[in-house]
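J.: What follows is a single structure, and I will ask about it in a moment.
Number of protein chains: 2
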Amino acid sequence: MIESVLPEIDDGRFPIARTPGELVTVSADIFADGHDVVDAALQYRRDGDADWQYEPMQLVTNDRWEAAFRPRNVGIYFYSLRGWVDRFKTWARDLRKKADAGQDLTLDLKTGSQFVAAAAKRASGADTQILNALSARLRKITGNDAAAAVAFSEDEDLLALMSRYRERTGDTVYQRELVMRVDPARARYSTWYEMFPRSCTTSAESPGTLRECAEYVEYVADMGFDVLYLPPIHPIGVTERKGKNNSTTPTAADPGSPWAIGSKDGGHKAINPELGTLADLRALREKAELHGVELALDIAFQCSPDHPYVKEHREWFRSRADGSVQYAENPPKKYQDIYPLDFETSNYAALAEELRSVIFFWVSQGIKIFRVDNPHTKPFPFWEWLIGETQRKYPDAIFLAEAFTRPKVMYRLAKLGFTQSYTYFAWKNTKADLTEYFTEISEPPVSEFFRPNLWPNTPDILNEYLQKGGRPAFIARLVLAATLGANYGIYGPAFELMENVPLREGSEEYLDSEKYQVRVWNRNDPKSLKGLIRRVNSIRRDHVALQHNNGLKFHTTDNPMLIAYSKISEDRGDKILVIVNLDPVNRQMGWVDVVLKEFRLAAGESYEMNDLLTDKKYIWQGTRNYVELNPAVLPAHIFRVEPLR
Amino acid sequence: MIESVLPEIDDGRFPIARTPGELVTVSADIFADGHDVVDAALQYRRDGDADWQYEPMQLVTNDRWEAAFRPRNVGIYFYSLRGWVDRFKTWARDLRKKADAGQDLTLDLKTGSQFVAAAAKRASGADTQILNALSARLRKITGNDAAAAVAFSEDEDLLALMSRYRERTGDTVYQRELVMRVDPARARYSTWYEMFPRSCTTSAESPGTLRECAEYVEYVADMGFDVLYLPPIHPIGVTERKGKNNSTTPTAADPGSPWAIGSKDGGHKAINPELGTLADLRALREKAELHGVELALDIAFQCSPDHPYVKEHREWFRSRADGSVQYAENPPKKYQDIYPLDFETSNYAALAEELRSVIFFWVSQGIKIFRVDNPHTKPFPFWEWLIGETQRKYPDAIFLAEAFTRPKVMYRLAKLGFTQSYTYFAWKNTKADLTEYFTEISEPPVSEFFRPNLWPNTPDILNEYLQKGGRPAFIARLVLAATLGANYGIYGPAFELMENVPLREGSEEYLDSEKYQVRVWNRNDPKSLKGLIRRVNSIRRDHVALQHNNGLKFHTTDNPMLIAYSKISEDRGDKILVIVNLDPVNRQMGWVDVVLKEFRLAAGESYEMNDLLTDKKYIWQGTRNYVELNPAVLPAHIFRVEPLR
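Chains as they are written, first to last, in the working numbering: chain A, 1 to 645; chain B, 1 to 645.
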């Protein structure tokens with residue numbers, strides 16, 4: 001019997017997600033009726049490989065077995081389990097018990113010799129000869145020579161050969177071949193910077209272009225970001241265009257929302273002429289790559305009323321009762337500038353084909369990372385198909401789901417194939433909320449398929465904590481995002497310049513949001529957080545513990561404003577302890593109860609705490625240690641923990 | 001999407017177990033992409049019924065839905081779930097939001113009217129007319145008459161009709177039909193008494209027979225037992241017969257172990273001539289039934305060397321290397337008087353057929369309860385087949401698994417079809433062990449398929465606690481078994497006469513065990529516990545809370561020797577609190593922290609504690625209450641808890 005296999009997502013319906021070199025530990029309850037010796041192996045293979053590779057499983061406790069392997073390449077892998085009753089090991093075990101009791105072993109030795117001879121027949125080449133020789137040797141041991149019999153039965157090489165050439169027809173193979181999707185390393189560890197190209201300018205009257213955007217690549221790379229994400233760069237509709245601050249009475253100069261995609265200049269495969277050309281995009285991409293930065297584009301499958309699809313494929317849009325095209329609604333809100341695509345159209349095949357061609361077009365332009373807008377408002381099967389189709393051809397494509405909806409819908413999108421996911425991080429600002437949420441998403445089963453990407457802000461989300469907390473709040477949220485998640489991003493320059501004025505009290509929208517207008521930013525403002533961001537990103541680059549989501553452990557503090565957690569690398573060589581003062585106003589102090597075993601520290605042992613943000617060193621000892629953080633100075637520690645041995 | 005369905009055992013591979021009238025609460029995560037209103041129903045049917053019955057599901061929280069039903073009959077049921085996007089409820093919800101915002105509703109009313117007209121076409125009879133009339137009424141409401149529009153959209157009858165006649169082609173039906181086995185009520189609540197018929201005598205020289213056994217039916221029934229379980233009643237082998245205390249040198253007078261089945265007088269379908277005839281068995285059964293007691297027989301699929309199978313079906317037994325029949329071994333122990341059947345015989349079909357015929361034979365003799373000896377040493381698939389075959393024909397047959405092996409093997413046997421299971425109860429004697437074990441087996445998933453049957457003693461198990469604790473230990477174990485489990489049993493008269501001498505120090509075997517010799521018991525010994533047993537069984541009969549395994553909750557006490565737990569009936573009408581002093585020597589006292597919400601008691605409220613063992617009444621108040629139990633008097637309370645309102 002092989003049951004309760006882990007990891008296994010929804011009875012094997014969905015793959016687990018890993019990156020090359022990451023550990024996959026597989027466990028299961030494996031047992032048989034009767035008292036015979038059971039053995040088991042993990043088997044795995046890359047899609048396309050003919051042969052399984054095997055890892056022997058080890059019994060942990062209470063019929064629970066375990067084995068592990070590491071995939072080497074990006075792509076699809078399969079894994080399953082195999083268990084069997086090992087008659088020869090059973091024989092060897094019983095022989096030893098009888099020998100210990102001083103019983104005559106004549107018949108047992110005869111039985112053993114028959115086992116070995118049978119295995120010899122199943123073996124080939126040199127192994128046959130070895131086994132035949134062993135069988136002959138066994139026949140020569142007499143029934144009262146317990147010492148020789150036991151020594152023979154304990155021969156590891158013999159047991160290994162007997163296991164290899166066992167009668168396999170009785171093996172039980174687990175009923176399912178489970179699937180693993182191995183994504184590129186950047187799927188697991190990435191640092192995103194979102195920027196509106198049209199704000200890459202020094203004057204609102206002269207909006208930025210892709211060429212000007214390229215001039216800011218050094219700025220982004222210097223801070224340590226490796227993904228530069230651009231909101232949609234397509235032509236923007238004119239009909240029902242929104243003005244500044246989402247006004248329905250725009251001026252002729254208002255550039256419109258980049259998410260109102262499509263105009264006479266083209267749709268999802270075109271570039272807004274105001275931003276430039278495909279050649280400009282290529283130049284930007286190539287320059288970014290020179291600096292280790294990959295471009296990410298926005299995929300928003302929706303149309304402005306002026307999108308060519310509306311005329312060419314009227315059947316892809318739903319109709320209102322008066323025959324007009326149904327615009328987007330979230331009653332009582334109406335979005336007349338956006339027409340949703342109707343995935344229940346009778347012409348679904350053509351629609352899906354066209355949307356796939358959009359992705360493939362941008363891949364052909366060298367883009368491999370896509371931030372997908374509102375995926376939860378399109379059908380689940382569509383995404384599974386689209387991402388599957390893309391990754392079959394381009395296994396290193398990355399899809400980030402911009403879904404802020406109910407938890408199970410977010411998890412489902414990840415299961416269906418989204419490589420990374422936005423999270424509720426922006427709304428988790430208290431110690432209790434952060435602890436509960438990150439415990440949930442950093443542990444199995446969620447951690448097996450869901451890769452969070454944490455954003456302290458986005459063009460849609462300026463949370464109250466940032467609005468009211470000022471500089472310490474921005475720093476605290478930066479450190480939390482960068483250390484709680486191996487993937488995180490900021491929307492800049494709004495973030496590093498600590499833009500924090502909402503549209504109105506109680507709103508999470510920015511006043512004068514870049515979604516509707518060009519903004520001019522003073523990137524050289526001496527108050528900018530860019531230096532601190534560079535420092536934090538460089539700590540992430542130097543510390544493998546921060547490049548994985550597992551290994552997270554919260555440590556108790558006696559002050560609700562002080563949150564403490566550790567990140568430990570899989571080999572336990574890299575040990576980080578982060579402490580953040582969540583109060584942006586007041587100095588907070590308290591005692592941290594360090595869970596010493598996380599750091600392999602003995603009770604009462606002394607250890608060095610090296611604050612990687614300030615390079616200050618402290619000596620701590622044992623469990624209970626004092627900490628004090630002044631938000632006016634720096635509201636966080638990122639400690640490297642080293643024993644003093 | 002319908003996922004994470006509960007109860008569901010091993011992806012639906014195994015049935016859940018219930019008895020008629022028991023509640024089945026089914027829950028699942030149910031959600032869809034987008035923002036439309038989702039609705040769902042539980043569907044269930046008895047095997048053989050053509051149509052599903054439906055129960056509307058209720059949203060609990062976080063996309064978790066729930067519904068419940070009660071099976072009426074013994075047999076197999078199927079259940080599954082159905083979910084859908086309710087376009088009309090979505091329309092009604094959006095209409096209300098738009099009305100609240102003062103928007104014009106003309107187009108929305110037109111859309112709604114189209115919905116209703118379409119449903120009218122799917123409906124039949126009077127419903128068609130009602131829906132057509134509603135559609136017409138809707139068309140007459142004007143777009144600025146928000147009050148009329150909202151009133152219409154909130155009409156419960158309309159919403160119900162629209163749900164019933166929705167377009168069902170878009171329904172999602174859960175991928176699996178889950179299975180429930182509904183067993184007779186006795187599967188859930190039964191009180192067993194094990195007795196050797198040959199000890200129904202007043203002289204060891206004149207062993208008891210089935211006829212004499214019948215004379216003890218009143219004795220058993222009077223104590224309140226409803227199942228009388230007899231060890232094997234078949235002919236006993238002579239070859240290698242064991243003498244008193246498992247000696248290998250028996251005298252001619254030794255009767256042998258009843259588990260060494262088969263002699264020249266027959267095998268598993270025969271009755272030991274020393275016990276009587278089939279007619280005697282029938283007479284015993286009929287008399288027992290008159291007293292509300294059902295007979296249970298022992299099924300031990302193994303043979304003495306003299307069993308007819310050994311000659312007639314030599315191929316059903318394994319051979320040793322010298323060609324002799326392989327006897328039972330648990331190295332270094334040898335059981336030469338027992339030949340195990342070889343379920344890997346090439347003639348398996350005939351063997352299985354024969355063993356099924358054994359069960360069917362005894363069913364034809366009116367026996368429906370079988371206590372199966374050592375099922376874990378026979379193949380799992382055999383039991384699933386055998387019990388399935390039996391229950392297909394006799395759905396009220398009950399199989400009790402006498403397996404004391406690893407937990408996952410015990411659970412697997414229950415999943416495969418065993419109605420009840422022996423447990424580790426005999427070795428759980430401390431508060432910590434009892435609490436941990438009974439928490440595990442009284443909660444899902446285990447409680448969905450595993451029905452414990454608790455035995456303080458058996459002919460194989462006289463635990464150290466009973467050996468050393470004397471009368472208070474027997475009483476404590478009786479109360480624990482009878483109140484922690486809806487099914488329990490004792491091996492008598494050894495139990496009520498407090499037989500407690502082991503074969504030797506450190507052994508759990510009885511000295512002069514009835515397994516190997518006739519014992520004469522003084523059932524009228526004034527020290528007998530029979531009066532107390534009668535009392536305990538009568539409390540069980542009067543209190544439905546004790547007839548189910550769910551509703552168990554442990555309450556904290558500040559004394560490790562005092563264990564406290566409550567059993568509450570499903571309707572919360574029957575409320576029992578049991579407190580046992582586990583120390584058989586010393587008076588123990590302490591404070592119980594009553595979890596008031598279990599009893600629906602308010603903080604500080606007073607309530608009456610009526611000790612059903614002594615009829616003494618106490619008034620308790622609030623959480624913390626004092627208790628003191630003197631083992632020399634009575635080591636347990638079984639309280640009925642009643643508020644004083």
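Every residue gets a Cβ at the ideal spot worked out from N, C-alpha and C, and that includes glycine.
Whose C-alpha, out of 402(A), 500(A) and 415(A), is nearest the C-alpha of residue 453(A)?
T.: The shortest C-alpha separation from residue 453(A) is found at 402(A).
J.: Can a CB atom of chain B be found closer than 8 angstroms to the CB of residue 111(A)?
T.: Closer than 8 angstroms: yes.
J.: For residue 107(A), which residues in chain B fall below 8 angstroms Cβ to Cβ?
T.: Neighbours of residue 107(A) on chain B, chain order: 320, 321 and 322.
J.: Kindly indicate if chain A contains any beta-carbon less than 8 angstroms away from that of residue 31(B).
T.: Residue 31(B) counts as touching chain A.
J.: In chain B, which residues lie with their C-beta within 9 angstroms of the C-beta of residue 380(A)?
T.: Result: 1, 32 and 33.
J.: Which word fits residue 506(B), buried or exposed, when buried means at least 16 other C-beta atoms lie within 10 angstroms of its C-beta?
T.: Exposed, by the Cβ-count rule.
J.: Using the C-alpha atoms, what's the distance from residue 19(A) back to residue 76(A)?
T.: Straight-line Cα distance between these residues: approximately 11 angstroms.
J.: The alpha helix (DSSP H) that contains residue 115(A), what's its start and end?
T.: Element bounds for residue 115(A): 106-122.
J.: If distances are taken between C-alpha atoms only, which option among 573(A), 634(A), 615(A) and 631(A) comes closest to residue 643(A)?
T.: Ranking 573(A), 634(A), 615(A) and 631(A) by Cα distance to residue 643(A) puts 573(A) first.
J.: Need the endpoints of the beta strand (DSSP E) that residue 17(B) sits in, please.
T.: Its beta strand (DSSP E) spans residues 16-18.
J.: Output the distance between the C-alpha atoms of residue 105(B) and residue 144(B), rounded to the nearest integer angstrom.
T.: Rounded to the nearest angstrom, the two C-alpha atoms are 6 angstroms apart.
J.: Spell out whether any CB of chain B is found under 8 angstroms from the CB atom of residue 94(A).
T.: Yes - at least one Cβ of chain B is within 8 angstroms of the one on residue 94(A).
J.: The segment 367-393 of chain A: which residues have C-beta closer than 8 angstroms to a C-beta of chain B, in chain order?
T.: Within the segment 367-393 of chain A, the residues whose Cβ lies closer than 8 angstroms to some Cβ of chain B are 376, 377, 378, 379 and 380, listed in chain order.
J.: Using beta-carbon positions only, say whether residue 221(A) and residue 323(A) come within less than 8 angstroms of one another.
T.: Taking 8 angstroms as the Cβ cut-off, residue 221(A) and residue 323(A) do not qualify as a contacting pair.
J.: What residues in its chain sit with their C-beta under 6 angstroms from that of residue 92(B), if we drop five residues either side in the sequence?
T.: Answer for residue 92(B): 153, listed in chain order.
J.: If we ignore side chains and look at the alpha-carbon of each, how far apart do residue 608(B) and residue 536(B) end up?
T.: Distance between the alpha carbons of residue 608(B) and residue 536(B) is about 20 angstroms.
J.: At which residues does the beta strand (DSSP E) containing residue 190(A) begin and terminate?
T.: Taken as a continuous stretch (DSSP letters only), the beta strand (DSSP E) holding residue 190(A) covers 190-194.
J.: May I ask you to report which of helix, strand or coil DSSP gives residue 530(B)?
T.: Residue 530(B) falls in the helix class under three-state DSSP.
J.: Can you say whether residue 405(A) is buried or exposed, counting buried as having 16 or more other CB atoms within 10 angstroms of its CB?
T.: So residue 405(A) counts as buried.
J.: In angstroms, rounded to a whole number, what distance separates the CA positions of residue 176(A) and residue 67(A)?
T.: Cα to Cα, the separation comes out at about 17 angstroms.
J.: In whole angstroms, what separates the C-alpha of residue 707(A) from that of residue 216(A)?
T.: This structure cannot settle anything about residue 707(A), because the visible part of chain A is limited to 1 through 645.
J.: How big is the Cα-Cα spacing for residue 449(B) and residue 561(A)?
T.: Taking the straight line from one Cα to the other gives about 46 angstroms.
J.: Kindly list the residues whose CB is nearer than 7 angstroms to the CB of residue 69(A), restricted to its own chain and excluding five residues on each side of it in sequence; keep chain order.
T.: Closer than 7 angstroms at Cβ, skipping near neighbours: 24, 42, 44 and 55.
J.: How should residue 412(A) be labelled, buried or exposed, when 16 other C-beta atoms within 10 angstroms of its C-beta is the threshold for buried?
T.: Residue 412(A) should be labelled buried.
J.: List the whole-angstrom C-beta distance separating residue 315(B) from residue 347(B), where the pair is believed to meet the contact cut-off of C-beta under 8 angstroms.
T.: That pair is a contact at about 5 angstroms.
J.: Go through its chain and collect everything with a Cβ distance to residue 209(B)'s Cβ below 6 angstroms, but skip five positions before and after it.
T.: Within the same chain, residue 209(B) has close Cβ partners 275 and 276.
J.: So does residue 620(B) have its beta carbon nearer than 7 angstroms to some heavy atom of the ligand MN?
T.: Only the bare structure without any ligand can be found here, which leaves the ligand MN out of the picture.
J.: So, is the C-beta of residue 186(A) closer than 8 angstroms to a C-beta in chain B?
T.: Chain B contact via Cβ: absent.
J.: Count the other C-beta atoms from every protein chain shown that fall within 10 angstroms of the C-beta of residue 305(B), then say buried if there are 16 or more, exposed otherwise.
T.: Buried, since its Cβ has 16 or more Cβ neighbours within 10 Å.
J.: What are the boundary residues of the beta strand (DSSP E) that includes residue 557(A)?
T.: 552-557 is the span of the beta strand (DSSP E), which, as asked, contains residue 557(A).
J.: Within 10 Å of its beta-carbon, does residue 338(A) have 16 or more other beta-carbons around it, so buried, or fewer, so exposed?
T.: So residue 338(A) ends up on the buried side.
J.: Mind checking residue 482(B): buried by the 16 CB within 10 Å criterion, or exposed?
T.: Counting Cβ neighbours within 10 Å, residue 482(B) comes out buried, since at least 16 surround it.
J.: Based on DSSP bridge pairs, tell me the residues matched to residue 66(B).
T.: DSSP, once it has assigned bridges, lists 27(B) and 58(B) as partnering residue 66(B).
J.: Residues of chain A with CB closer than 8 angstroms to the CB of residue 409(B), please, in chain order.
T.: Chain A residues near residue 409(B): 31, 33 and 63.
J.: For chain B, is any of its Cβ atoms less than 8 angstroms away from the one on residue 652(A)?
T.: Residue 652(A) lies beyond the stretch modelled for chain A, which goes from 1 to 645, so this question has no answer here.
J.: Measure the beta-carbon distance from residue 33(B) to residue 377(A) and round it to whole angstroms, keeping in mind my assumption that it falls under 8 angstroms.
T.: Contact holds; Cβ gap of about 7 angstroms.
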